[in-house]
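J.:
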Amino acid sequence: MKPIQTGKLRSGEVYEIRRLGSQDIEAIRAVQDAALLTLQNPQELQSLTDAELEYNLSTEGLVIGVCLSNHELIAFRTLLKPKITEDHIGYDLGFKRHQFHEIIYQEITIVHPAYRGNGLQQILGKCIMKMWDEIGDTTIRYVCSTVAPSNIPSLKDKFAQHKEILALKEKYGGKLRFIFLKDLTEPYEPNRQWSITEDVSLTDYHRQIELLANGYRGYAFMKDTDDYIIRYGCL
Numbered sequence: 001m002k003p004i005q006t007g008k009l010r011s012g013e014v015y016e017i018r019r020l021g022s023q024d025i026e027a028i029r030a031v032q033d034a035a036l037l038t039l040q041n042p043q044e045l046q047s048l049t050d051a052e053l054e055y056n057l058s059t060e061g062l063v064i065g066v067c068l069s070n071h072e073l074i075a076f077r078t079l080l081k082p083k084i085t086e087d088h089i090g091y092d093l094g095f096k097r098h099q100f101h102e103i104i105y106q107e108i109t110i111v112h113p114a115y116r117g118n119g120l121q122q123i124l125g126k127c128i129m130k131m132w133d134e135i136g137d138t139t140i141r142y143v144c145s146t147v148a149p150s151n152i153p154s155l156k157d158k159f160a161q162h163k164e165i166l167a168l169k170e171k172y173g174g175k176l177r178f179i180f181l182k183d184l185t186e187p188y189e190p191n192r193q194w195s196i197t198e199d200v201s202l203t204d205y206h207r208q209i210e211l212l213a214n215g216y217r218g219y220a221f222m223k224d225t226d227d228y229i230i231r232y233g234c235l
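Under the working numbering, the first residue of the sequence shown is numbered 1, with each subsequent residue one higher.
Have a look at this one:
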C-alpha cells in the first residue's frame with residue numbers, strides 16, 4: 001500500500017505513515033504495551049482492549065501509524081464513530097441524542113517511548129484529519145477528544161488542532177478528563193474576540209469546572225514559569 005506521508009525522525013531515520021488494518025493489531029498492541037510500562041501516572045492513558053482495537057480497525061474507524069523502513073510500527077492514532085453507550089461524550093457535552101451520529105472521536109494516540117520528541121503525535125493528528133476530509137463524510141460535524149490533565153503532550157496536541165475544552169469531569173471509571181470539541185463547520189478564527197477571559201492554573205480544577213459551568217471554553221494553553229496555564233474565554 002502506498003504510504004500516506006513520509007518524513008524523517010530527528011535521528012535522520014526515514015519513516016512512512018500508512019493506514020493500519022487488522023493484520024497490524026499485534027504491532028499496535030506492542031506499542032501500547034511499551035507506553036504503559038513507562039507511565040508514571042497510570043491515569044494518563046485509557047488503553048484499548050483487543051475488542052476496542054478490532055472496532056477501531058473496522059469500517060467504523062480509521063487507524064494510521066508511523067512505520068520505519070524495517071516495517072516496525074512506532075506510533076499510531078485512531079479516529080472512529082463511537083457506539084452509542086452510556087459513556088458517549090455527547091452526554092457530557094449536553095448534546096441531544098439525535099446529534100450523536102454527528103460526532104467522531106479522536107480516541108487515542110500512542111508513541112513508542114523510544115521515539116518520543118519527534119512531534120509524531122501532532123504529525124499524526126494533522127494527517128488523520130486530512131484523511132478524514134478526503135473521505136468526505138458529510139454526516140460528521142464534531143470531533144471530540146478526552147485528555148488526562150497530566151498528559152501535557154496530548155493537551156498541546158489538542159490545542160494545536162484548535163479544539164476547545166468544553167468540560168472537565170470523571171470518565172472511564174473515575175479518571176479525570178478534559179473533554180475537547182471542534183466544530184468542523186466553523187472555520188478557525190485566530191483573532192476571535194472573547195468578551196471575558198481568565199487564565200487558570202492547569203491544576204486548579206475547581207475554578208475550571210466553575211468557568212465551564214458558566215459557559216466558558218478553554219481555548220489556549222501556555223507555560224508560565226513553573227506552571228501550565230489554560231486560558232478560558234466567554235463569547
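For every residue, glycine included, the Cβ atom is placed at its ideal position computed from N, Cα and C.
So the alpha helix (DSSP H) R29 belongs to, where does it begin and stop?
T.: Against the sequence shown, residue 29 aligns to sequence position 29. I25 to T38 is the extent of the alpha helix (DSSP H) around R29.
J.: Is it right to say Q99 is buried, meaning 16 or more other beta carbons lie within 10 angstroms of its own, or is it exposed?
T.: Position 99 of the sequence shown, counted from the start, is the residue given in the question as residue 99. Exposed, by the Cβ-count rule.
J.: F178 by DSSP, collapsed to three states: which one?
T.: Working through the sequence shown from its first residue, we reach residue 178 at position 178. Three-state DSSP puts F178 in a strand.
J.: Residues bridged to M222 by DSSP?
T.: Stepping through the sequence shown from its first residue, residue 222 is reached at position 222. I229, per the DSSP bridge assignment.
J.: Rounded to the nearest angstrom, what separates I110 and I64 at their Cα positions?
T.: The sequence position of residue 110 within the sequence shown is 110, counting from 1. The sequence position of residue 64 within the sequence shown is 64, counting from 1. Computed Cα separation, rounded: 11 Å.
J.: Compare the Cα-Cα distances from L62 to each of D137, K169 and G94 and report the closest residue.
T.: One-based indexing of the sequence shown puts residue 62 at position 62. Of the listed residues, the one whose Cα sits closest to L62 is D137.
J.: I think Q46 touches Y172, with their Cβ atoms under 8 Å apart; what is that distance to the nearest whole Å?
T.: Within the sequence shown, residue 46 is the residue found at index 46, counting from 1. Within the sequence shown, residue 172 is the residue found at index 172, counting from 1. That belief holds up - the Cβ atoms of Q46 and Y172 are roughly 5 Å apart, short of 8 Å.
J.: Can you give, in chain order, each stretch of the beta strand (DSSP E) that sits fully within the segment 144-213 and has at least 3 residues?
T.: 164-171, 175-183 and 196-201
J.: Tell me the DSSP secondary structure of L124 in three-state form.
T.: As a first step, residue 124 must be located in the sequence shown, where it is residue number 124. In this structure, L124 counts as helix in the three-state DSSP scheme.
J.: Specify, as a first and last residue, the run of the alpha helix (DSSP H) that A65 falls within.
T.: Against the sequence shown, residue 65 aligns to sequence position 65. Looking at the sequence provided, one finds Gly at residue 65 rather than Ala. Note, G65: premise wrong, no alpha helix (DSSP H); beta strand (DSSP E) at G61 to L68.
J.: Please report the Cβ distance between L53 and I28, rounded to the nearest whole angstrom; I am assuming they are in contact, meaning their Cβ atoms lie under 8 Å.
T.: Reading the sequence shown from its first residue, position 53 is the one you call residue 53. Reading the sequence shown from its first residue, position 28 is the one you call residue 28. Confirmed, about 6 Å.
J.: Express the C-alpha separation of K2 and R77 in angstroms, rounding to a whole number.
T.: Walking along the sequence shown from the start, residue 77 turns up at place 77. Walking along the sequence shown from the start, residue 2 turns up at place 2. So the alpha carbons of these two residues sit roughly 18 Å apart.
J.: Thinking C-beta only, is L93 closer than 8 Å to L181?
T.: The residue you call residue 181 lines up with position 181 of the sequence shown. The residue you call residue 93 lines up with position 93 of the sequence shown. The answer is yes: Cβ separation under 8 Å.
J.: Using only CA atoms, which one of S154, V147 and D157 lies nearest to L166?
T.: If you number the sequence shown from 1, residue 166 lands on position 166. Considering only alpha carbons, the answer is V147.
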